[in-house]
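Read through the structure below, which is laid out as structure tokens, and then see the notes.
Residue numbers (my numbering): 164 to 451.
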């Protein structure tokens, strides 16, 4: 995907004015982008199961109100409240701050569930691209290696759309093919920019945020994975490897992998109603 196409995709906002019940720009932490939006179904209930959505954008782009949220909002039709999360972006806030923010947002939803008519015992995490890495990490890792509080919240399921799950492997491949490396105006690679590290320090930091490193039998919820067969940004192998690893801890029925043939990187190839029905059919099996 060309950089111009990537920028255009991650720059479009969606119109949510038709959703009558919502709470916007709720503060869940002290940082500038520690804000989230909560959208509610039209049907009145005492509490709603929750989908918490993390946008993509390579950890330096994106916003909780942009187009990536559109598929998650299908959950309103299925009786879910939908939460869209902003988190700190690089280079102003290098990684792993986004991971700390994601955990803080999920903890906020759990701790403030009653006042927001949410069911703290029925939380599903969903992310696309970098946001899917955040969803997986937040839902799997109870003891992160980096500084910062991690209040682990057990969730019912995770929806992973084309997440980088082994960024160390991706970085090593980049270093073997330097002619294909995208660089910032000051000559840094994207990873050097988002982590504010280079060399061996960067490799260590990349390995620390790989969800695939931290799977545990007692922590691993069911995972629904989708990946484009022609993804030019995150290799399909990332999802194939994740499925193999998950099956060491989960029953085959609790790990779903769909390869969308011909699909590039981005939600547009995945947002048709048939596919979204499949997503929610999977997660609803685990909602009580």
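Yeah, the Cβ is synthetic: ideal placement off N, Cα and C, and Gly gets one too.
| Item | Value |
| --- | --- |
| 8 angstroms Cβ cutoff met for residue 327 and residue 248 | no |
| CA-to-CA distance, residue 386 to residue 413, given in whole angstroms | 9 angstroms |
| Under the three-state DSSP convention, the category residue 376 falls into | helix |
| Minimum C-alpha distance to residue 389 - residue among 204, 369, 445 | 445 |
| Candidates 179, 408, 429, 201, of which the one nearest residue 291 by Cα | 429 |
| Separation of residue 195 from residue 223, as counted between CA atoms | 14 angstroms |
| Simplified DSSP state of residue 404, which is helix, strand or coil | helix |
| Reduced DSSP category for residue 108 - H, G, I as helix; E, B as strand; rest coil | As shown, the chain starts at 164 and ends at 451. That puts residue 108 outside it, with no answer to give. |
| Residue 164, buried or exposed, once every other Cβ within 10 Å from all chains shown has been counted against 16 | Because residue 164 sits at a pLDDT of 42, beneath the cut-off of 50, its placement in the model cannot be relied upon, and the following sentence gives the value as read from the coordinates. That one is exposed. |
| C-alpha gap between residue 362 and residue 297, whole angstroms | 24 angstroms |
| Alpha carbon of residue 276 to alpha carbon of residue 451, nearest angstrom | 16 angstroms |
| Nearest neighbour of residue 286, chosen from 272, 294, 295 [CA to CA] | 272 |
| Exposure of residue 177, with buried meaning 16 or more beta-carbon neighbours within 10 Å | exposed |
| Reduced DSSP category for residue 176 - H, G, I as helix; E, B as strand; rest coil | strand |
| Presumed contact (8 angstroms Cβ cut-off) between residue 245 and residue 216, rounded CB distance | 6 angstroms |
| Distance CB(residue 354)-CB(residue 264) smaller than 8 angstroms | no |
| Local Cβ density within 10 Å of residue 395, reported as buried at 16 or more and exposed below that | exposed |
| Contacts around residue 357, its chain only, beta-carbon distance under 8 angstroms, and the 5 residues preceding and following it disregarded | 221, 222, 223, 253, 254, 257, 258 |
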